[in-house]
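Taking it in order: structure first as structure tokens, then the write-up.
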Amino acid sequence: MNWEKIIKGIHREVDPILGKGAVASYIPALASANPKSFALVLTTLDGAVYKSGDADTPFSAQSISKLFMLTLALEALGGRLWKRVGREPSGNAFNSISQLEYECGIPRNPFINAGALAVTDAVISSAGDRGALDDMLTLVRTASGSSRVRIDPEVAQSEREWGHRNISLGHFMKSFGVIDNDVDQVLNTYFCQCALEMTATELSRAGLYLANGGQDPINGAKITRPGRAIRINALMMTCGHYDMSGDFAFRVGLPGKSGVGGGILCIIPGIGSLCAWSPPLNEAGNSLAGTRALELFARRTGMNVFRN
Ligand code: GLN
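Numbering-wise, the sequence shown is residues 26 to 333 according to our numbering.
This is the structure in structure tokens:
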């Protein structure tokens, strides 16, 4: 397969739609993103990298960080994690609060904001609040092979200042006894994890462990067990794009996780990992051109987990 040609061809094809959609505006640090930025990067299990566009420009990973915290929470709690968070698509917006009331404060899945708060709480219980963030950074630096990856302090501060919805989610869950630790500690860690800053090249590389049974194929690091990597992929497929997870599975057919910074990390089990980035979002908060690029990739290459 001529990956290089395919990646460059997709970039050319999505060029006319770059800028369509709306850049996340709930915090100033995201609102100032260039709507025309675009990157598409594929890293295969042998470490080869194929890229096009702004592949080495750092951006805010936002909800893609939920993947890495989930990996840590499963390492810490194993199956006990599922007592605090479900595994069902929510069919609701990523920051929705309504289902929590009817479901005793237990969030539907680890990838909506409420679920991520439960996951972060679980990691804090085992590692402490500084420890949770440090462990996430260590995991991401190991998996991406890049020590440059950081938490952007300006974005973290904005998340804190404008985090009214997340703050209410945290306190609401605490009222049901679903959050064990100090709720402000959990929220602070969550705001910092959202501010994870990486390039598309680094994110694409960081997804390899999920394409390779939990083990980094390049440096050999055992990040999680094979069975857990499979489960994380299943959750990405069913819940990784909020109330458009069904649409993403239909159009792309690969496990993917989006963030409001415009990034999408997509796993091709046994082959590699792909990151698309374009800041303007569709109505569900997923990258509009990024989704289209991944759809074209899956179609051109036949990479789709539902194909034999
Ligand atoms: N920081 C965002 C929030 O908490 C993350 C959401 C996302 O990327 N979808 O609302």
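Yeah, the Cβ is synthetic: ideal placement off N, Cα and C, and Gly gets one too.
Check	Outcome
Nearest-angstrom Cβ-Cβ length linking residue 318 and residue 99, presumed shorter than 8 Å	About 29 Å separates the two Cβ atoms, so there is no contact after all.
Nonlocal neighbours in the same chain, by C-beta distance under 7 Å from residue 216, ignoring five residues either side	181, 184, 185, 188
Residue 302, enclosing beta strand (DSSP E) - first and last residue	297-302
Per-residue DSSP class, three states only, for residue 84	strand
Beta-carbon gap between residue 305 and residue 281 smaller than 8 Å	no
Beta strand (DSSP E) segment containing residue 75, residue limits	74-78
Neighbourhood of residue 151 by C-beta, 7 Å cutoff - its chain only, sequence neighbours within 5 removed	101
Chain B contact for residue 68 (CB, 8 Å cutoff)	The displayed structure is made up of one protein chain only, and chain B is not part of it.
Where residue 135 falls, given that 16 or more other Cβ within 10 Å makes a residue buried	buried
Residue 219 Cβ short of 7 Å to the ligand GLN heavy atom set	yes
CB of residue 298 within 8 Å of CB of residue 315, strictly	no
Rounded straight-line distance, which links the Cα of residue 311 to that of residue 120	13 Å
Own chain residues within Cβ distance below 7 Å of residue 125, not counting five before or after	132, 139, 197, 198
Distance between beta carbons of residue 236 and residue 296, contact taken as under 8 Å	6 Å
8 Å Cβ shell around residue 321 - same chain, five flanking residues per side excluded	35, 38, 39
At least three beta-carbon pairs within less than 8 Å, the stretch 81-89 to the stretch 245-264	no
C-alpha distance - residue 95 paired with residue 145, whole-angstrom precision	8 Å
beta-carbon residue 9 near the ligand GLN non-hydrogen atom, thresh 7 Å	Here the chain has residues from 26 to 333 only, and residue 9 is not among them.
Residue range of the beta strand (DSSP E) that includes residue 64	64-69
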